[in-house]
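Heads up: the structure comes next, in structure tokens.
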Amino acid sequence: MCLTLTKIARTMAKQIEEKPQDREKSPTIGPMRGLLPYARPYRLMVVLAAVTLVLTAGLSLALPLAVRRVIDGFSSGSAQLLDQYFAAAIGVAALLAIGTGTRYYLVTRLGERIVADIREAVYNRMIGMSPAFFERIMTGEVLSRITTDTTLILSVIGSSISIALRNILIFIGGLGFMLATSLKLAGLVLLVVPAVLIPIILLGRRLRALSRDNQDKVAESSGNASETLQAAQTVQAFTHEAESRAKFAAVTEQSFDVAKRRIKTRSFMTVIVMFLIFAAVVGVLWVGARDVRGGDLSAGALVQFVIYAIMVAGAVAALSEIWGELQRAAGATDRLIELLNAKDTVDDPAKPKPMPKVVKGAIAFDGVTFRYPSRPDTLALNNVSFSVKPGETVALVGPSGAGKTTTFQLLLRFFDPQSGTVSLDGLDLKTLERAAFRKAFSIVPQDPVIFADTARENIRFGRPDATDAEVEAAAKAAAAHDFLSALPGGYDSFVGERGVMLSGGQRQRIAIARAILRAAPVLLLDEATSALDAESERLVQQAVEALSADRTTLIVAHRLATVKKADRIIVFDEGGIVAVGSHDALVAEGGLYARLARLQFTEGLAAE
285 MCLTLTKIAR
295 TMAKQIEEKP
305 QDREKSPTIG
315 PMRGLLPYAR
325 PYRLMVVLAA
335 VTLVLTAGLS
345 LALPLAVRRV
355 IDGFSSGSAQ
365 LLDQYFAAAI
375 GVAALLAIGT
385 GTRYYLVTRL
395 GERIVADIRE
405 AVYNRMIGMS
415 PAFFERIMTG
425 EVLSRITTDT
435 TLILSVIGSS
445 ISIALRNILI
455 FIGGLGFMLA
465 TSLKLAGLVL
475 LVVPAVLIPI
485 ILLGRRLRAL
495 SRDNQDKVAE
505 SSGNASETLQ
515 AAQTVQAFTH
525 EAESRAKFAA
535 VTEQSFDVAK
545 RRIKTRSFMT
555 VIVMFLIFAA
565 VVGVLWVGAR
575 DVRGGDLSAG
585 ALVQFVIYAI
595 MVAGAVAALS
605 EIWGELQRAA
615 GATDRLIELL
625 NAKDTVDDPA
635 KPKPMPKVVK
645 GAIAFDGVTF
655 RYPSRPDTLA
665 LNNVSFSVKP
675 GETVALVGPS
685 GAGKTTTFQL
695 LLRFFDPQSG
705 TVSLDGLDLK
715 TLERAAFRKA
725 FSIVPQDPVI
735 FADTARENIR
745 FGRPDATDAE
755 VEAAAKAAAA
765 HDFLSALPGG
775 YDSFVGERGV
785 MLSGGQRQRI
795 AIARAILRAA
805 PVLLLDEATS
815 ALDAESERLV
825 QQAVEALSAD
835 RTTLIVAHRL
845 ATVKKADRII
855 VFDEGGIVAV
865 GSHDALVAEG
875 GLYARLARLQ
885 FTEGLAAE
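Note that my numbering has the sequence shown beginning at 285, numbered continuously upward.
Below, the structure is given as structure tokens:
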């Protein structure tokens, strides 16, 4: 009994302390209604869980009655009756165990199923959001909501709600049995409740504030560690280890100082709550023992009353703690629903126009003006107009920040221009479904993205239904076959997170092979050969030339060998087009292109 009382006291003291993964709390649990659509498909499981919940609560309330009969049975003088009481107590315990196990299985499975559906729904929504959306929210925040917030919701659905409902039933039933057993003792217990709640409320506010402060410091410490560890090579290259260690140590110590104040407050509150609870129980036992001695109460009735008192106290403590958890889960639900209901500035039209069966690859920019949402005062493109014929190869040249890569962003409709139109085969991209017209594009970005998978699957990413033979043919065309075959596992070698086991040139060749495998009508090359050595560049250049022979190709490049062979060169500067023409014509014309040729293409010019 003492152990049980100690556990109750600790639970009541713990109720207002936030857990490490806790986040901002919602003032109400109203947002929890957002979970109902995810529970509706599993109505039968919800009903079965509710039935087992009521049964187990009823059996829990029946146990003290059985204990009373057993204790009073000692004085009955009938061994047969005593045996029956013991058998009944064992039977109730067995049913309670079976019911509790069944309830745990149903509720936990229901929670896992609902949370899995929520995670899938949020991911499905987020993976289709445009880069414009992720300029307003950090990717890490989205991942935190998908993982930390859903984990909190899982703990609530999988246990807290069930425990809360069970404790409500136990509290109501236990209080009723207490009043029925002894009105006087029940009155004494109810008088003690305010004395226990007052320190919890007063000290709880202080403890909540310290817990939130503690978690803020922990988050700051974790963020600092994550940032420096991911850039460990840069930290070491600039011999910045000592400063990084000092900064991390300072933040960690601040977290520890707040934790000490939180622990001190929690310890003080635990002392008060435990003393009051034990004093109340001792007082009730003292009064009850005097009633037993005076013949006003049986020994079994006193034990029954004490057990019910413990059950009611435990229910109150559990409900207090669960209320805080429900508030935190409501906040987590609110944030997840916010993601699910997020509006994307770049979205598909309600009735998209159908894509032509055969995409020719004609591209046109007509009076396009664009500012990135994060830089509304800076023009990325200013009234840009140009067109590319089907099968034509056009190079985009200019200094960094001139707007070259921005054209690719708009072509893939990652962003929408503030004015003007971008069209494919004469169709405004805003009138098309994004997933439909993007199938017409292959892209090799300047910083290739390599996934934590095998080399083969990284190439197959370009066309998931491609055969192994087609994957290897694309790798050969991208001059990647030789180094991939030399890997320990060949094409099935794991290349590490972000392709860390490969060199920059190898990653770029895999990205090129991916684009070759996709074989789309429009090819976008953003500095596709910038990380290649001369020999690999020559081989890849041959592959690109063969690939671009029958498709529209847009190339952002600085290397002369790539630019010279383009049908046309468009020169960008400060978000606008300043010149258009062939290499020879632009060099003869002078101006920006000629200056860039002298500065950046010196090696190429010497090789002519």
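Backbone N, C-alpha and C define an ideal beta-carbon position, used for all residues, glycine too.
- For Val855, DSSP records a beta bridge to Val681 and Ala863.
- Annotation: the continuous beta strand (DSSP E) that includes Asp810 extends over Val806 to Asp810.
- A check of alpha carbon separations from Lys641 across Leu586, Ala797, Arg782 and Asp709 identifies Asp709 as the nearest.
- In its chain, beyond the 5 residues on either side, Val871 have a beta carbon closer than 6 angstroms to the beta carbon of Ala878.
- Excluding the 5 residues flanking it on each side, Leu786 has same chain C-beta neighbours closer than 6 angstroms at Val779, in chain order.
- Taking C-beta separations shorter than 6 angstroms and ignoring five residues to either side along the sequence, the partners of Val806 in its chain run Gly645, Ala724, Phe725 and Thr836, following chain order.
- Membership of Asp817 in any alpha helix (DSSP H) is not indicated, and neither H nor E is assigned to it by DSSP.
- Annotation: Ala346 to Arg387 spans about 18 angstroms, alpha carbon to alpha carbon.
- Burial check for Leu394: the Cβ neighbour count within 10 Å reaches 16 or more, so the residue is buried.
- For Ala416, the enclosing alpha helix (DSSP H) has its first and last residue at Pro415 to Phe418.
- Asp712 is bridged by DSSP to Ser707.
- Cβ atoms of Ser707 and Ala648 come within 8 angstroms of each other, at about 5 angstroms.
- Using a 10 angstroms sphere on the CB of Val399, the tally of other CB atoms reaches 16 or more, which defines it as buried.
- By the neighbour-count definition (other C-beta atoms within 10 Å, threshold 16), Lys627 is an exposed residue.
- Between Gly584 and Leu319, the alpha-carbon positions lie close to 46 angstroms from each other.
- With respect to Leu624, Ala405 sits close: the two C-beta atoms are nearer than 8 angstroms.
- Apart from sequence neighbours up to five positions away, the residues of its chain that approach Ala686 with a beta-carbon distance below 8 angstroms are Phe856, Asp857, Glu858 and Gly859, ordered along the chain.
- Distances from the alpha-carbon of His765 to those of Val376, Ser414, Asp749 and Ile743 put Ile743 closest.
- Contact between Met462 and Val571 fails: their C-beta atoms lie close to 13 angstroms from each other, not under 8 angstroms.
- Per the Cβ contact rule, the stretch 752-759 is not in contact with the stretch 665-683 (fewer than 3 Cβ pairs under 8 angstroms).
- The closest CA to that of Val652, considering only Gln693, Val426 and Val728, is found on Gln693.
- Going by beta carbons, Val476 and Leu586 fall outside the 8 angstroms limit.
- Cβ-Cβ separation between Gln702 and Arg655: approximately 6 angstroms, consistent with a contact (criterion under 8 angstroms).
- Shown here for Lys637: same chain residues with a beta carbon closer than 8 angstroms to its own, the five before and five after excluded, namely Leu711, Thr715 and Leu716 in chain order.
- CA-to-CA, the gap between Thr705 and Phe670 works out to about 11 angstroms.
- With 16 or more neighbouring CB atoms inside 10 Å of its own CB, Thr434 falls in the buried class.
- Annotation for Ser414: Asp628, Val630 and Phe698 place their beta carbon closer than 6 angstroms to its own, counting only its chain and skipping 5 residues before and after.
- Counted as a single uninterrupted DSSP element, the beta strand (DSSP E) harbouring Ser669 occupies residues Leu665 to Val672.
- Taking all protein chains shown into account, Ser658 has fewer than 16 neighbouring C-beta atoms within 10 Å of its C-beta and is therefore exposed.
- Counted as a single uninterrupted DSSP element, the stretch harbouring Thr738 is not any beta strand (DSSP E), since DSSP gives it neither H nor E.
- Lys848 carries a helical assignment under DSSP once its states are collapsed to helix, strand and coil.
- When the beta-carbon positions are compared, Ile854 and His867 stay at least 8 angstroms from each other.
- Counting only residues of its own chain and dropping the five nearest sequence neighbours on each side, Leu809 has a CB closer than 6 angstroms to the CB of Val728 and Ile839.
- In chain order, Arg387, Leu390, Val391, Leu394 and Ser446 place their CB closer than 8 angstroms to the CB of Ala333, counting only its own chain and leaving out the 5 sequence neighbours on each side.
- Per DSSP, Phe725 is one residue of the beta strand (DSSP E) stretching across Phe725 to Val728.
- Going by beta carbons, Arg718 and Asp618 fall outside the 8 angstroms limit.
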